[in-house]
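Engineer:
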Ligand SMILES: Cc1cc2nc3c(=O)[nH]c(=O)nc-3n(C[C@H](O)[C@H](O)[C@H](O)COP(=O)(O)OP(=O)(O)OC[C@H]3O[C@@H](n4cnc5c(N)ncnc54)[C@H](O)[C@@H]3O)c2cc1C
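In my numbering, the protein residues as written are 93 to 502.
#1: If residue 426 and residue 269 are in contact, beta carbons under 8 Å, what's the gap, nearest whole angstrom?
#2: At the level of alpha carbons, what is the spacing between residue 411 and residue 478?
#3: In the DSSP output, which residue or residues are listed as bridge partners for residue 368?
#4: Closer than 7 Å: is that where the CB of residue 100 sits relative to any heavy atom of ligand 1?
#5: In the DSSP assignment, what residue or residues form a beta bridge with residue 228?
#6: For the beta strand (DSSP E) containing residue 326, name the first residue and the last one.
#7: Drop a sphere of 10 angstroms on the beta-carbon of residue 365, count the other beta-carbons inside from all chains shown, and report buried for 16 or more, exposed for fewer.
#8: Does ligand 1 have even one heavy atom less than 7 Å from the beta-carbon of residue 413?
#9: Could you give the distance in angstroms between the alpha-carbon of residue 448 and the alpha-carbon of residue 428?
#10: Comparing the CB of residue 442 with every heavy atom of ligand 1, is any distance shorter than 7 Å?
#11: What is the DSSP secondary structure of residue 314, counted as helix, strand or coil?
#12: Do you know offhand how far residue 310's Cα is from residue 281's?
#13: Apart from the five residues on each side of it in sequence, which residues of its chain come closer than 7 Å, Cβ to Cβ, to residue 198?
#14: In angstroms, rounded to a whole number, what distance separates the CA positions of residue 177 and residue 262?
#15: Taking all protein chains shown into account, do 16 or more other C-beta atoms lie within 10 angstroms of the C-beta of residue 83, making it buried, or fewer, making it exposed?
#16: With a floor of 4 residues, list each alpha helix (DSSP H) that falls wholly inside the region 231-290, ordered by position along the chain.
#17: Could you name the residues of the same chain whose beta carbon sits closer than 7 Å to that of residue 433, not counting the 5 residues immediately before and after it, in chain order?
#18: Using a 10 Å radius around the Cβ and a threshold of 16 neighbouring Cβ atoms, would you call residue 451 buried or exposed?
#19: For ligand 1, any of its heavy atoms closer than 7 Å to the Cβ of residue 432?
#20: Beta carbon of residue 123, beta carbon of residue 293: below 8 Å?
#21: How about residue 455 and residue 499: are their beta carbons less than 8 Å apart?
#22: Let's test the definition: count the other Cβ atoms within 10 Å of the Cβ of residue 134 and tell me whether it reaches 16, buried, or not, exposed.
#23: Can you list the beta strand (DSSP E) stretches of 3 or more residues lying completely in the region 106-184, in chain order?
#24: So is the beta-carbon of residue 340 under 7 Å away from any non-hydrogen atom of ligand 1?
#25: Identify, in the order they occur along the chain, each residue of the same chain with its Cβ nearer than 6 Å to the Cβ of residue 423, setting aside the five sequence neighbours on each side.
#26: Going by Cα to Cα distance, which pick from 255, 438, 470 and 347 is closest to residue 363?
#27: Under 7 Å: does the beta carbon of residue 312 sit that close to some heavy atom of ligand 1?
#28: Along the chain, where does the alpha helix (DSSP H) that runs through residue 210 open and close?
#29: So, residue 386 versus residue 137, is the Cβ gap smaller than 8 Å?
#30: Can you tell me which residues form a DSSP beta bridge with residue 441?
#31: If you reduce the DSSP assignment to three classes, tell me which class residue 405 lands in.
#32: What residue from 287, 318, 330 and 320 has the CA that sits closest to residue 308's CA?
#33: Using a 10 Å radius around the Cβ and a threshold of 16 neighbouring Cβ atoms, would you call residue 463 buried or exposed?
#34: Among the candidates 283, 186 and 181, whose CA atom is the shortest distance from the CA of residue 230?
#35: Over the uninterrupted alpha helix (DSSP H) stretch that includes residue 481, give me the two end residues.
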């Protein structure tokens, strides 16, 4: 079949490979080029050990504290308070116990596919060296904070995820650059991280081109279902395909709406600063709990990033947030390079209030498959999503129940 994959981020590129594996003729379409969106500069963490949606009470409890600090881990830009309200209402609904339990179950299912799918994809494309399996740390500033989080870790253990508990000195033995401000940590030995998300995305793209997957630079305007499935573009002729996969991350909402799927997709913007060449700081990713950021030792240098800003797709970045994040990091990591030595970046997480991506057929046509909305976990879940997309297009039974990911669940 001739299949268009809309979006050349991690999800689109991984899907293109999974579809080419099945013998389809695939064209990837992106208005800019590969790695133009969130896939370019994310934190690089293969966080398949995380199983909590953002609507979790553990997160929501921290909202008043976070919002009281305009440069803290969570902010809503004044201009975006009204537009984001319906999304926030859905977030609250997603936090009800029964809904939350459903989301956690679904997340456990998808996350369980994540590492096997990455292992297979990286082996298939000779990218094994881009995946570092050194675990990840969730670090705490006080024993009280650690105790509050303990039930959450126990739930992860109950879900079969390995966790080890470390006191301050044990943490510093693993990560000598961390200061005494860290009182302890939970260590996830099976977590992993990538060499650099940009390099990984580009490697997927180059491998795609090498196996004759086409690339077209064009801005998608709509999908028509009049005769089969046709993609319409800005300023160029429409093209007909046998199947279309929508994988345009945070920009997917208006395109999905053209085929009748109204998905409550918005964006949680995230910020980071990277220090090219600074590779001596951490051995593995560290999440600084309560401070809303992570540090990742990419092969290209240390990256400090995180935070959530609800501000839509159009407002300019506010890198005072990045500076605030850096200031906090100075308390936890010894001898950081100066802020001015770093490169700042802001990216658009494609976020759905229940923290589950949309993976499924369009309501109006089985010829269109949606694969977007991966929020905080799009790198982690991209290879697994690709396999599910291939299953949907082949009409095969997927390995997990996809009803919780259905575009029709809202
Ligand atoms: C600060 C930050 C840290 C993160 N850290 C992690 C992490 O550690 N681990 C993890 O798993 N995830 C992380 N994420 C999330 C992850 O980056 C995203 O979920 C993932 O990159 C989404 O991939 P995608 O392919 O769906 O979208 P994107 O990478 O955003 O790609 C979408 C593509 O669609 C294209 N496009 C948009 N509109 C059009 C149009 N009209 N026509 C044609 N093309 C179009 C864009 O140019 C873009 O290339 C993080 C995100 C951020 C912002």
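Backbone N, C-alpha and C fix where the C-beta goes; we use that ideal spot for every residue, glycine too.
Structural biologist: In short, the structure shows the following:
#1: Taking the chain shown and counting its residues from 1, one reaches residue 426 at position 334. Taking the chain shown and counting its residues from 1, one reaches residue 269 at position 177. Confirmed, Cβ separation roughly 5 Å.
#2: Along the chain shown, one-based indexing puts residue 411 at 319. Along the chain shown, one-based indexing puts residue 478 at 386. Distance between the alpha carbons of residue 411 and residue 478: 33 Å.
#3: One-based indexing of the chain shown puts residue 368 at position 276. Per DSSP, 393.
#4: Residue numbering aside, residue 100 sits at position 8 when the chain shown is read from its first letter. Distance from the C-beta of residue 100 to the nearest heavy atom of ligand 1 is below 7 Å.
#5: Residue 228 sits at position 136 when you count from the first residue of the chain shown. According to DSSP, residue 228 bridges with 280.
#6: Within the chain shown, numbered from 1, the residue matching residue 326 stands at position 234. Here residue 326 belongs to no beta strand (DSSP E), and DSSP marks it neither H nor E.
#7: Within the chain shown, numbered from 1, the residue matching residue 365 stands at position 273. Buried is the call here.
#8: For the purposes of this step, residue 413 is identified with residue 321 of the chain shown, where counting begins at 1. Taking 7 Å as the cut-off, one finds no heavy atom of ligand 1 near enough to the beta carbon of residue 413.
#9: Stepping through the chain shown from its first residue, residue 448 is reached at position 356. Stepping through the chain shown from its first residue, residue 428 is reached at position 336. So the two alpha carbons sit approximately 35 Å from each other.
#10: Counting from one through the chain shown, the residue named residue 442 turns up at place 350. Yes, the Cβ of residue 442 comes within 7 Å of a heavy atom of ligand 1.
#11: Taking the first residue of the chain shown as position 1, residue 314 is located at position 222. In this structure, residue 314 counts as strand in the three-state DSSP scheme.
#12: Reading the chain shown from its first residue, position 218 is the one you call residue 310. Reading the chain shown from its first residue, position 189 is the one you call residue 281. Inter-residue distance for residue 310 and residue 281 is about 42 Å (C-alpha atoms, whole angstroms).
#13: As a working mapping, residue 198 is identified with position 106 in the chain shown. Contacts found: 448, 496 and 497.
#14: Working through the chain shown from its first residue, we reach residue 177 at position 85. Working through the chain shown from its first residue, we reach residue 262 at position 170. Rounded to the nearest angstrom, the two C-alpha atoms are 44 Å apart.
#15: Because the chain is modelled from 93 through 502, residue 83 falls outside the range shown and cannot be assessed.
#16: Runs of the alpha helix (DSSP H) lying entirely within the region 231-290 and spanning at least 4 residues, in chain order: 235-250 and 260-266.
#17: Sequence index remark: in the chain shown, residue 433 carries index 341 (1-based). 367, listed in sequence order.
#18: By one-based count along the chain shown, residue 451 stands at place 359. Residue 451 should be labelled buried.
#19: One-based indexing of the chain shown puts residue 432 at position 340. In terms of side-chain proximity, the C-beta atom of residue 432 is found no nearer than 7 Å to any non-hydrogen atom of ligand 1.
#20: Taking the chain shown and counting its residues from 1, one reaches residue 123 at position 31. Taking the chain shown and counting its residues from 1, one reaches residue 293 at position 201. No, the Cβ-Cβ distance between residue 123 and residue 293 is not below 8 Å.
#21: Residue numbering aside, residue 455 sits at position 363 when the chain shown is read from its first letter. Residue numbering aside, residue 499 sits at position 407 when the chain shown is read from its first letter. Yes.
#22: If you number the chain shown from 1, residue 134 lands on position 42. By the 10 Å Cβ count, residue 134 comes out buried.
#23: Within the region 106-184, the runs of beta strand (DSSP E) at least 3 residues long that lie entirely inside it are, in chain order, 117-122 and 166-168.
#24: Within the chain shown, numbered from 1, the residue matching residue 340 stands at position 248. Residue 340 Cβ: within cutoff of ligand 1.
#25: The residue you call residue 423 lines up with position 331 of the chain shown. Contacts found: 273.
#26: Sequence index remark: in the chain shown, residue 363 carries index 271 (1-based). With distances taken between Cα atoms, residue 363 lies closest to 438.
#27: Start at 1 with the first residue of the chain shown, and residue 312 comes out as number 220. Indeed, a heavy atom of ligand 1 lies less than 7 Å from the Cβ.
#28: As a working note, residue 210 is residue 118 in the chain shown. Following the DSSP letters along the chain, one finds residue 210 inside the alpha helix (DSSP H) bounded by residues 189-217.
#29: Translated into positions along the chain shown, residue 386 becomes position 294. Translated into positions along the chain shown, residue 137 becomes position 45. Taking 8 Å as the cut-off, the beta carbon of residue 386 is found closer than this to the beta carbon of residue 137.
#30: Sequence index remark: in the chain shown, residue 441 carries index 349 (1-based). Its beta-bridge partners are 360.
#31: Locating residue 405 in the chain shown gives position 313, counting from the first residue. Note: residue 405 maps to coil in three-state DSSP.
#32: As a working note, residue 308 is residue 216 in the chain shown. Checked all of 287, 318, 330 and 320; the closest Cα to residue 308 is 330.
#33: Here the question's residue 463 lines up with position 371 in the chain shown. Burial state of residue 463 is buried, judged by a 10 Å Cβ sphere holding 16 or more other Cβ atoms.
#34: Numbered from its first residue, the chain shown carries residue 230 at position 138. Minimum Cα distance to residue 230 is reached at 283.
#35: By 1-based counting over the chain shown, the position of residue 481 is 389. Here the alpha helix (DSSP H) through residue 481 covers 470-486.
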